[in-house]
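Residue numbers (the numbering used here): 13 to 849.
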């Protein structure tokens, strides 16, 4: 199983995979690393990625892009209404308030949500990964912008779930970039951290982050962002040129969606050229609108003047990060840039002006995010072995809770449980006192780029007073998980009872030093609300806590060990934690709705496969019609068929061609397959006939060569060649007879072949000639290739006596071996015989 990292961009996606040799960016079916975030619908099929982008101009109303910006949002969201101005596809609000892209699919109007479109794109990326790695892909890490809220993160996770991906972690894009930078650094310090700024300006967003690196560890410090990117620069320039074309050519490009899209495409090319060239550059579009050709030009300085407000927003984002990270310019080691829009010279100049460091391009500006995600996936997955590298992320928004019910803990303002840039993953434990079920509302405590600050409402059930009628103690865990999602992960009822048990006599001990107790914040009715925090290790079942004071809490307690005396009994508290059920009202689909979406995606995948097979069958039939007609009319098959038969087949091919573009335009796969099979039945005899007449001469030559080789072997044997002295005369007589028989067969069939007209089947088949060749060669080779037998082994000579032995002892050796058979255990047995000459 392979692990991958997916950089889900608003314009393009990149996939990286962890392999034995390191991290590799995968290419799609067009041999490109970037897969456009684009989904199109054409009749009965979906077109995703490069193919969808290529036909966007011609199929604009059924081609969807930019759906990343609408994930998890409602139709009446002001952000959505702004985005609709740049979306050519028809978008409407669905009954549940969500967003629906209206397209023509399966010959009917259908609506798909941004989550479904994202799942379609992920399905394509999963298929690309499987084909590139030749292995099943399930585990992945997907990146998202740092400014994504709970609603958007949940929507992205649901889209991946619909596509059948197991997301090990939803990772901030800035964190992934930092990981791809620090993982391979061998010179990171062990004590004093190295602070690096990362600037990521892509197609639709600007994200800046401050990170601290030590050996084997990465810690995110702060981040800042603004939703501006390359598309905003393109739109600004497009507005300028549209006004110019209106004045010069009296055409308004903003009234024609197709012309506007073509203008944006050309401006993107011009913008890239201006990043590398400061001279005036031309812009020209043929048949732009109303069959009018337009042309203009622009210089980099003009572009910078037009985009000055955007550059000011970029500068403010840089300065905001510098203030929030609390880093001085001297503490910053370097500034790394990624993202296509960071190639703009003005942005690089702003980086140097604000941070006092030149923009460094150590990383791949397009692929670093996906590579960092793949590294994180490899670190987390048990399927890949990789050295450990700790990553500590942050929560970019402050979070607070509001509790209702008896004895409200925080009042209307709420209690802040996570401050801005708090470490993530992390958990805090709230200790509440209640007699009945209550609701905890979790919401953002600062302005966010989402109209509703509410994260969710959790109703804690089965809460009852104690046996004495007092308030029960409830512990509620508020958690930021590894996806950056804030939730209430558990609620427990603390059931404490005092029991008495005998105590073994112990020596007296002095009282212990005072320990800080749980910080307390007074509730409205005087009951304390305790806040405990625990380091999160991604294990929901781990309830070990490290106690810390709540915001503003100043309470202290004293625990003293008493004197134990013999014969006394000690009261001991027996505490039991009882899980409490919860009802959650938060963002995202219900389980039933999500299962329905999964089934719908599976049906569309199956339909895509079926439609692909249907189109392939149609294309195969169409290709055969053109190819066979060309071969029969003036082609290589013309001489092998009589004119009447040829004309009949060509007429059938012409009728079939017309049928393909009329009634046969939209038939099922079996119809095309059956018609192609019928054509093969008529044309295969002609092709076989041509094959025999074209190949028989060369195969006849092979048989002649085999007969000649047989005669040569027989003649060499007759001349007494030493290499055949181990073979018998009978064997070579058999070879000669077989060769004469093959020669007779050859002469007979060559005569028939030469006299046969080419419009009838050949009297001899290629397979028959080859069989004759193989039979003769087998007869010859079985004889002449037989190896000579090995010569018989000579008897071993007697071993020489030791040096200095006299000749007399040697002469008597034979007599001793013959006459005294029992003198030595190694002598010849009694039942053996030995001939001595």
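For each residue, glycine too, the CB sits at the ideal point set by N, CA and C. Model, not experiment: these values are computed from the prediction.
Here's the rule: buried if 16 or more other CB atoms are within 10 angstroms of the residue's CB, otherwise exposed. What is residue i?
{"i": "residue 21", "result": "buried"}
{"i": "residue 534", "result": "Caution applies to residue 534, whose pLDDT of 35 falls short of 50 and renders its modelled position unreliable; the value that the coordinates give is listed next. The residue in question, residue 534, is exposed, as its Cβ has fewer than 16 Cβ neighbours within 10 Å."}
{"i": "residue 724", "result": "exposed"}
{"i": "residue 171", "result": "buried"}
{"i": "residue 408", "result": "buried"}
{"i": "residue 366", "result": "buried"}
{"i": "residue 156", "result": "buried"}
{"i": "residue 184", "result": "buried"}
{"i": "residue 575", "result": "Low per-residue confidence applies at residue 575: pLDDT is 31, beneath 50, and the placement is therefore not dependable enough to give any value."}
{"i": "residue 588", "result": "exposed"}
{"i": "residue 615", "result": "exposed"}
{"i": "residue 484", "result": "buried"}
{"i": "residue 74", "result": "buried"}
{"i": "residue 282", "result": "buried"}
{"i": "residue 821", "result": "For residue 821, the pLDDT reaches just 48, beneath the cut-off of 50, and the residue's location in the model is therefore unreliable, leaving the point undetermined."}
{"i": "residue 652", "result": "buried"}
{"i": "residue 654", "result": "exposed"}
{"i": "residue 85", "result": "buried"}
Name the residue from the options whose alpha carbon lies nearest to the alpha carbon of residue i.
{"i": "residue 190", "options": "347, 645 and 608", "result": "347"}
{"i": "residue 601", "options": "127, 236, 782 and 250", "result": "127"}
{"i": "residue 300", "options": "331, 324, 258 and 704", "result": "258"}
{"i": "residue 5", "options": "681, 603 and 278", "result": "Any question about residue 5 goes unanswered here, given that the chain covers just 13 to 849."}
{"i": "residue 39", "options": "382, 777 and 489", "result": "382"}
{"i": "residue 212", "options": "274, 103, 379 and 165", "result": "379"}
{"i": "residue 372", "options": "337, 392, 344 and 62", "result": "344"}
{"i": "residue 208", "options": "217, 216, 233 and 215", "result": "233"}
{"i": "residue 150", "options": "159, 162, 592 and 134", "result": "134"}
{"i": "residue 468", "options": "68, 161, 783 and 733", "result": "161"}
{"i": "residue 16", "options": "137, 805 and 204", "result": "137"}
{"i": "residue 316", "options": "274, 362 and 727", "result": "362"}
Name the DSSP beta bridge partners of residue i, please?
{"i": "residue 597", "result": "469"}
{"i": "residue 114", "result": "102 and 123"}
{"i": "residue 434", "result": "407"}
{"i": "residue 605", "result": "For residue 605, which the question treats as bridged, DSSP gives no partner whatsoever."}
{"i": "residue 494", "result": "The partner list for residue 494 (beta bridge, DSSP) is empty, contrary to what the question assumes."}
{"i": "residue 27", "result": "18"}
{"i": "residue 488", "result": "442 and 503"}
{"i": "residue 508", "result": "587"}
{"i": "residue 454", "result": "413 and 468"}
{"i": "residue 309", "result": "294"}
{"i": "residue 155", "result": "183"}
{"i": "residue 206", "result": "225"}
{"i": "residue 402", "result": "229"}
{"i": "residue 212", "result": "219 and 350"}
Starting from residue i, follow the beta strand (DSSP E) in both directions and report where the run begins and ends.
{"i": "residue 315", "result": "That residue, residue 315, is in no beta strand (DSSP E); its alpha helix (DSSP H) goes 312-318."}
{"i": "residue 222", "result": "218-226"}
{"i": "residue 348", "result": "344-350"}
{"i": "residue 746", "result": "Not the beta strand (DSSP E): residue 746 falls in the alpha helix (DSSP H), residues 741-767."}
{"i": "residue 233", "result": "229-238"}
{"i": "residue 261", "result": "Run containing residue 261: none in the beta strand (DSSP E); it sits in the alpha helix (DSSP H), 242-261."}
{"i": "residue 683", "result": "Run containing residue 683: none in the beta strand (DSSP E); it sits in the alpha helix (DSSP H), 681-730."}
{"i": "residue 42", "result": "Here residue 42 belongs to no beta strand (DSSP E), and DSSP marks it neither H nor E."}
{"i": "residue 481", "result": "No beta strand (DSSP E) contains residue 481, which DSSP labels as neither H nor E."}
{"i": "residue 17", "result": "14-20"}
{"i": "residue 174", "result": "Element bounds for residue 174: not the beta strand (DSSP E) but the alpha helix (DSSP H), 162-174."}
{"i": "residue 296", "result": "293-301"}
{"i": "residue 37", "result": "34-37"}
{"i": "residue 59", "result": "57-60"}
Could you give the first and the last residue of the continuous alpha helix (DSSP H) run that contains residue i?
{"i": "residue 50", "result": "Here residue 50 belongs to no alpha helix (DSSP H); instead the beta strand (DSSP E) covers 50-54."}
{"i": "residue 785", "result": "778-796"}
{"i": "residue 367", "result": "357-367"}
{"i": "residue 279", "result": "269-288"}
Against chain B, does residue i count as a neighbour if the rule is that its beta carbon must be under 8 Å from one of theirs?
{"i": "residue 264", "result": "Looking for chain B here will not work: only one protein chain is present."}
> With a cut-off of 8 Å, do at least 3 Cβ pairs link the stretch 105-113 to the stretch 188-202?
Replying inline: The answer is no - the stretch 188-202 does not touch the stretch 105-113, with fewer than three Cβ pairs under 8 Å.
>> Closer than 8 Å is the cut-off here; do at least three beta carbon pairs connect the stretch 284-303 with the stretch 328-336?
In response: Here the stretch 284-303 makes no contact with the stretch 328-336; the two share fewer than three CB pairs at distances below 8 Å.
> Is the stretch 600-615 in contact with the stretch 471-481, if contact means three or more CB pairs nearer than 8 Å?
Replying inline: Because the criterion of three Cβ pairs below 8 Å is not met, the stretch 600-615 and the stretch 471-481 do not touch.
>> Using 8 Å as the cut-off, can you tell me whether the stretch 394-402 makes contact with the stretch 225-236, which would need three or more C-beta pairs spanning the two stretches below that distance?
In response: With the cut-off at 8 Å, the stretch 394-402 and the stretch 225-236 touch.
>> Would the stretch 36-52 count as touching the stretch 129-149 if we require 3 or more Cβ pairs under 8 Å?
In response: Taking a cut-off of 8 Å on C-beta distances, the stretch 36-52 touches the stretch 129-149, as three or more cross pairs fall below it.
>> Using 8 Å as the cut-off, can you tell me whether the stretch 41-61 makes contact with the stretch 612-628, which would need three or more C-beta pairs spanning the two stretches below that distance?
In response: Because the criterion of three Cβ pairs below 8 Å is met, the stretch 41-61 and the stretch 612-628 touch.
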